[in-house]
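Here it is in structure tokens:
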């Protein structure tokens, strides 16, 4: 959450009037019953969200691309949503906090996490993804939920770009470049 106040975790039940509407959809509702948070609850964080997902073994190129794209997303008022793993997830959260943005972390829960990340988000950005990356599962959930998917294209020689390049080549994602993210 945005609030830096250090307090114990609190919870909000899906029957609470402040529970995010996005998490009440048919495809997400069965798996999300409660949310835990620190600080003060802020429903506005869920109003405009961009998921940023990708490889756990992020390349220098991926880090550089995120360094350009995350500040632009934050500047456009997006809350950044990601897992809480290393690689792209970690870098997305770090850059978000550095530019004064807000972040939502969805803790690991197998591929269900991907479904939750998409459910919260309005747009999905796949930063880097290998051929069998879990981020491709995230993109698949986005298509089922009719959410736009963007992928950062990469080198044809890079294993961490095989998935993103495939998404773009198949027409399953729009290519996102630094100039297009403005």
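In the numbering used here, the protein residues as written are 204 to 385.
The beta carbon of each residue, even a glycine, is placed where N, CA and C say it ideally should be.
Quick caveat: nothing in here was measured; it's all calculated off a predicted structure.
Look at the alpha carbon of residue i and the alpha carbon of residue j, and state the distance between them as a whole number of angstroms.
i           : j           : result
residue 305 : residue 353 : 20 Å
residue 209 : residue 278 : In this prediction, residue 209 scores a pLDDT of 47, lower than 50, which makes its location untrustworthy; the coordinate-derived value is nonetheless stated afterwards. If you take the alpha carbons of residue 209 and residue 278, they lie about 26 Å apart.
residue 207 : residue 242 : Because residue 207 sits at a pLDDT of 41, beneath the cut-off of 50, its placement in the model cannot be relied upon, and the point is left open.
residue 217 : residue 245 : 15 Å
residue 380 : residue 327 : 14 Å
residue 289 : residue 261 : 9 Å
residue 222 : residue 282 : 16 Å
residue 374 : residue 340 : 16 Å
residue 370 : residue 313 : 22 Å
residue 372 : residue 234 : 32 Å
Going by the beta-carbon positions, is the gap between residue i and residue j smaller than 9 Å?
i           : j           : result
residue 338 : residue 368 : no
residue 323 : residue 291 : no
residue 345 : residue 254 : yes
residue 355 : residue 329 : yes
residue 270 : residue 286 : no
residue 351 : residue 377 : yes
residue 220 : residue 252 : no
Which residues does DSSP list as the beta-bridge partners of residue i?
i           : result
residue 239 : 214
residue 329 : 256 and 354
residue 312 : 314
residue 377 : 353
residue 284 : 254 and 307
Going by C-alpha distance, which of the options is nearest residue i?
i           : options               : result
residue 343 : 364, 315, 360 and 361 : 315
residue 348 : 218, 320 and 273      : 320
residue 298 : 266, 327, 288 and 340 : 266
residue 332 : 220, 382, 258 and 227 : 258
residue 309 : 295, 260 and 382      : 295
residue 256 : 263, 293 and 371      : 293
residue 248 : 228, 263 and 325      : 325
residue 263 : 228, 300, 361 and 227 : 361
residue 382 : 234, 300, 227 and 272 : 272
Can you list, in chain order, the residues of its chain whose CB lies under 8 Å from that of residue i, leaving out five sequence neighbours each side?
i           : result
residue 212 : 239, 240 and 241
residue 230 : 318, 322, 344, 347 and 348
residue 236 : 216 and 217
residue 429 : One cannot answer for residue 429 here, as it falls past the ends of the chain, which runs 204 to 385.
Please go through the same chain and pick out, in chain order, the residues whose beta-carbon is closer than 6 Å to the beta-carbon of residue i, but skip the five residues on each side of it.
i           : result
residue 205 : Unreliable positioning characterises residue 205 in this predicted model, as indicated by a pLDDT of 44, which lies under 50. The coordinate reading is nonetheless provided below. Within the same chain, residue 205 has close Cβ partners 305.
residue 358 : 364
residue 302 : 274 and 277
residue 214 : 237 and 239
Residues in the same chain with beta-carbon distance under 7 Å from residue i, minus the five sequence neighbours each way, listed in chain order, please.
i           : result
residue 280 : 251
With 9 Å set as the bound, which would you pick, yes or no: does the beta-carbon of residue i sit closer than that to a beta-carbon of chain D?
i           : result
residue 231 : No chain D is present in this structure, which holds just one protein chain.
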